[in-house]
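A.B. asks:
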Amino acid sequence: MSGIVGGGTPSKARSDYFEGNIPLMTVKDMKSRRPLATVFNITEEALSNSSAKLVPPDTVIIATRMGLGKVVRASFATAINQDLKALFPAEGVEKSFLEYWLMSISKKIEGLGTGTTVKGIRVSDVVSLPFSLPPVPEQRRIVEKIETLFARLDKGEEAVRQVQALLKRYRQSVLKAAVTGELTADWREANRDRLEHGSDLLSRILKTRRETWVGRGRYKEPAAPDTTGLAELPEGWVWASVDQLSSSDANSLCIGPFGSNLKVEDYRDRGVPLIFVRHIRSKIFRGHDAKFVNDKKAEELSSHRAYPGDLLITKMGDPPGDVCIYPDGLPIAIITADCIRFATSKAGVSREFVVAAMESRLVQTQIREISKGVAQQKVTLANFKKIAIPLPTFEEQKLIAAIRGEQLAKLEKLESWCETELVRSAALRQSILKQAFSGHLVPQDPSDEPASALLARIRAAAPANKTRKANI
C-alpha cells in the first residue's frame with residue numbers, strides 16, 4: 003500500500019453537522035460494489051472538526067468493523083467513518099486487481115475479526131496477508147477476464163431478481179385478496195344466509211375475554227380501532243383492534259424486558275430459551291444462535307413468556323412488524339426487548355388469518371405510520387394495540403388461511419429456487435476469484451516484465467509511500 007486512511011464520525015450532538023452536502027460513507031452504504039449515494043451528508047465544519055477523512059472518487063474502501071470484508075469503490079469523493087479504511091495501492095498494483103483480491107479473501111477477513119458484541123479487524127492484519135503479485139499486464143488481463151465472467155453472472159442474477167420482484171408482488175396480491183375478502187367472495191355469497199355476522203363474533207370474543215379475564219385489578223374493556231381512512235370491508239366483516247382480539251391472559255400482549263432486567267451476563271448455554279428479533283425476521287420462526295436463561299431468571303421474567311401458538315412480532319426494524327407463529331412443540335420461552343408477544347383469543351380468532359392480516363399492506367401501512375425513531379424505527383406496545391384488523395366469521399377466517407397457505411406454499415417453492423440460484427451464482431463468483439488469484443484464470447505471457455522487477459520497484463518506492471501516507 004502507498005497509503006491507508008481511517009475515518010471518523012462528527013459529533014452527533016451537533017445536528018447541523020449532518021445538514022451539508024459532503025457524503026459520509028458508513029457500512030450501511032456498502033450494499034453494492036458501486037454505491038450511488040450515502041445515507042448521511044455532512045458540512046465542511048463537521049469534516050474539519052472531526053476525524054472523518056475525505057477520500058477521492060474511485061478509492062478502494064474496506065469495512066474493518068461491522069460488515070467485515072465488504073469492499074466498495076464510489077464514483078464520488080466521500081468522507082469515511084471510523085468503521086472504514088481507504089486503501090491506496092502502490093504504483094504497479096492495479097486498483098481493480100486489489101479490489102478483486104480483497105473480495106476473494108472476504109471470508110478470511112471475517113475470520114480475522116475479534117470482539118464480542120461487534121467484531122472488528124486491524125487493517126494491518128489485512129495488508130499483511132500474502133498477496134500474489136503478477137506483472138501489471140497480467141493483472142489487467144485477470145481483471146478483464148473477471149469482469150467478463152462477472153458480467154454474465156450479473157445478467158443471470160438480474161433475471162432472478164426480476165422473478166423475485168414478481169413473486170413479491172404476487173405475494174402481496176394474495177395477502178390483499180385474503181384480507182379484503184376477494185379470495186372468498188364467491189364462497190361468502192353462496193353461504194351468506196347461514197354465516198354469523200362479524201359484529202356478533204366480535205361481541206362474543208369480547209364477552210369471553212371479559213368473563214375469563216386473568217389479571218390484576220379491574221377489567222378494562224379494550225378500545226375499538228380508529229378506522230378513519232381505512233377501506234370499506236365486505237358485508238358481514240368488521241374492524242377489530244389488536245387489543246380486542248387478544249386473549250384473556252393479562253400478558254397476552256406484552257414486550258420483552260427492559261435494560262437491566264435482562265443482561266448479557268444472564269445468558270446461559272442451556273435452560274429456558276430467549277426469543278430475539280433475528281428469530282422472527284424470516285417470518286418463519288428460526289431458533290438459530292440460541293441463548294438461554296436459568297429457571298430462576300425465567301421466573302423473574304414470567305410476564306414476558308411466549309407459548310407455542312403465540313404470534314411473535316418485531317417492534318424494531320426498517321420497518322418493524324415482521325410476524326411469525328411460535329411453533330407448537332417448542333418449550334415456553336422468554337421474549338427479549340424488541341419483540342412483542344400477541345396471544346390471540348381462542349373464542350373465534352384464527353391465528354393464521356391474523357398473521358395474513360399482519361403481513362398485508364393494509365396493516366403494514368398502519369405500522370409504518372405509528373413507527374418512531376431515526377436510526378431504528380420502533381413501535382410502542384400502546385400503539386400496536388390500536389392497529390385495526392379486518393374480522394370475518396371464524397369459518398371464513400379458517401378458509402382464507404387454508405387457501406392462502408396453499409398459494410403461498412407454491413410461491414415459497416419458487417422463492418426458494420431463486421435463493422438457491424443466487425447462492426449458486428455467489429459461489430461461482432468465489433470460484434472465479436479463487437482461480438484468478440491462484441494463476442489459473444488467464445494464461446501468462448513470457449514477454450511481460452517479471453513480477454520480481456515490479457516488486458523491487460515497489461519496495462524501492464516504499465519510503466516515499468510512507469511519507470505520502472502521512473500526508474493523505
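With our numbering, the residue at position 64 of the sequence shown is 66, and numbering never jumps. Even for Gly, the Cβ is constructed at its ideal location relative to N, Cα and C. The model shown is predicted, which means the values in this text are computed figures rather than measured ones.
(1) Could you give the residue range of the beta strand (DSSP E) that holds residue 336?
(2) Can you check whether the CB of residue 374 is closer than 7 angstroms to the CB of residue 243?
(3) Under three-state DSSP, which class holds residue 41?
(4) So, does the region 238–256 touch the region 212–227, judging by three or more C-beta pairs under 8 angstroms?
(5) Tell me whether residue 172, by its Cβ, gets closer than 6 angstroms to a heavy atom of the ligand MN.
(6) From the DSSP output, in three-state form, read off residue 425 for me.
(7) For the alpha helix (DSSP H) containing residue 241, list its first residue and its last residue.
(8) My parser needs the beta strand (DSSP E) runs of 3 or more residues fully inside the region 33–82; what are they?
(9) Does residue 463 come out as helix, strand or coil in the three-state DSSP assignment?
(10) Which residues in the same chain as residue 432 place their Cβ atom closer than 6 angstroms to its Cβ, once the five residues preceding and following it in sequence are excluded?
(11) Let's see if you can read the secondary structure: which residues bound the beta strand (DSSP E) around residue 225?
(12) Fully enclosed by the region 237–291, which beta strand (DSSP E) runs are 3 residues long or longer?
(13) Which value, in whole angstroms, describes the spacing of the CA atoms of residue 173 and residue 403?
(14) Sorted by chain position, which residues of the same chain lie with C-beta nearer than 6 angstroms to residue 183's C-beta, five sequence neighbours on each side aside?
(15) Give me the DSSP bridge partner(s) of residue 5.
(16) Which runs of the beta strand (DSSP E) at least 3 residues long sit entirely within the region 360–400? Give them in chain order.
(17) If you follow the alpha helix (DSSP H) that residue 186 is in, where does it begin and where does it stop?
(18) Is the beta carbon of residue 240 less than 7 angstroms from the beta carbon of residue 200?
(19) Would you identify the three-state DSSP class for residue 16, choosing helix, strand or coil?
(20) When the Cα of residue 434 is compared with those of 102, 274, 298, 409, which residue comes out closest?
(21) Do residue 299 and residue 271 come within 7 angstroms of each other at the CB atom, strictly closer than that value?
(22) Have a look at 50, 52, 111 and flag the residue whose alpha-carbon is nearest the alpha-carbon of residue 71.
(23) Between which residues of its own chain and residue 470 is the CB-CB distance below 7 angstroms, once the five residues before and five after are set aside?
(24) Quick check on this structure: which residue in 264, 310, 326, 351 has the alpha carbon closest to the alpha carbon of residue 296?
(25) State the beta-bridge partners of residue 26 as determined by DSSP.
(26) Between the beta-carbon of residue 450 and the beta-carbon of residue 96, is there less than 7 angstroms?
(27) Helix, strand or coil, according to DSSP, for residue 343 in the structure here?
(28) Do you know offhand how far residue 372's Cα is from residue 21's?
(29) Would a C-beta distance cut-off of 7 angstroms place residue 49 and residue 24 closer than the cut-off?
(30) Return the first residue and the last residue of the alpha helix (DSSP H) that residue 107 is part of.
(31) If we count the other Cβ atoms within 10 Å of its Cβ and call it buried at 16 or more, is residue 90 buried or exposed?
(32) Our contact map puts residue 107 next to residue 444 with C-beta atoms below 8 angstroms; I'd like the distance itself, whole angstroms only.
(33) With a threshold of 8 angstroms, are at least 3 pairs of Cβ atoms found where one atom belongs to the region 420–429 and the other to the region 378–395?
(34) Let me confirm a value: residue 328 is counted as buried when at least 16 other C-beta atoms fall within 10 Å, else exposed. Which label applies?
(35) For residue 178, which residues of its own chain have a beta-carbon under 8 angstroms away from its beta-carbon, when the five flanking residues on both sides are left out?
(36) Spatial neighbours of residue 320 within its chain, please: C-beta separation below 8 angstroms, excluding the five flanking residues on both sides.
C.D. replies: Quick look at the numbers:
(1) Where residue 336 is concerned, the enclosing beta strand (DSSP E) stretches over 335–337.
(2) No. Outside cutoff.
(3) Of the three classes helix, strand and coil, the one that applies to residue 41 here is coil, per DSSP.
(4) As far as the Cβ criterion goes, the region 238–256 touches the region 212–227, which means the pair count is three or higher.
(5) The model depicted lacks the ligand MN and carries no ligand whatsoever.
(6) For residue 425, the three-state secondary structure derived from DSSP is helix.
(7) Taken as a continuous stretch (DSSP letters only), residue 241 belongs to no alpha helix (DSSP H), being part of the beta strand (DSSP E) at 240–243.
(8) List check, beta strand (DSSP E) in window: 42–44, 55–57, 62–65, 73–75, 80–82.
(9) Assignment of residue 463 by DSSP, reduced to helix, strand and coil, places it in the coil class.
(10) Counting only Cβ-Cβ distances below 6 angstroms, and skipping sequence neighbours, we find nothing.
(11) Where residue 225 is concerned, there is no enclosing beta strand (DSSP E), because DSSP gives it neither an H nor an E.
(12) Counting only runs of 3 or more, we get 240–243, 255–257, 274–277.
(13) Roughly 14 angstroms between the two C-alpha positions.
(14) Only 236 meet the Cβ criterion.
(15) Beta bridge pairing from DSSP links residue 5 with 90.
(16) Here the runs fully enclosed are 390–393.
(17) From DSSP, residue 186 is part of no alpha helix (DSSP H); its letter is neither H nor E.
(18) If you check the CB distance, residue 240 and residue 200 come in under 7 angstroms.
(19) Coil.
(20) When only C-alpha atoms are compared, the closest one is 102.
(21) Cβ atoms of residue 271 and residue 299: not closer than 7 angstroms.
(22) When each option's Cα is compared against that of residue 71, the closest is 111.
(23) Summary for residue 470: the model assigns pLDDT 40, below 50, so the residue's position carries little reliability, and this model does not support an answer.
(24) If we check each option's Cα against that of residue 296, 264 comes out closest.
(25) DSSP lists 42, 81 as partners of residue 26.
(26) Taking 7 angstroms as the Cβ cut-off, residue 450 and residue 96 do not qualify as a contacting pair.
(27) The three-state secondary structure of residue 343, taken from DSSP, is strand.
(28) For residue 372 and residue 21, the distance between alpha carbons rounds to 26 angstroms.
(29) Yes; because the gap between Cβ atoms is below 7 angstroms, this pair is in contact.
(30) That residue, residue 107, is in no alpha helix (DSSP H); it is neither H nor E in DSSP.
(31) By the neighbour-count rule (16 or more Cβ atoms within 10 Å), residue 90 is buried.
(32) Not quite, the Cβ-Cβ distance comes to about 19 angstroms (not below 8 angstroms), so this is no contact.
(33) Contact between the region 420–429 and the region 378–395 is absent, because fewer than three Cβ pairs lie under 8 angstroms.
(34) Classification for residue 328: buried.
(35) Excluding residues within five positions, the ones whose Cβ falls inside 8 angstroms are 184, 362, 363, 364.
(36) Setting aside the 5 residues that flank it on each side, residue 320 is surrounded in the same chain by 378, 379, each with a C-beta closer than 8 angstroms to its C-beta; the list follows chain order.
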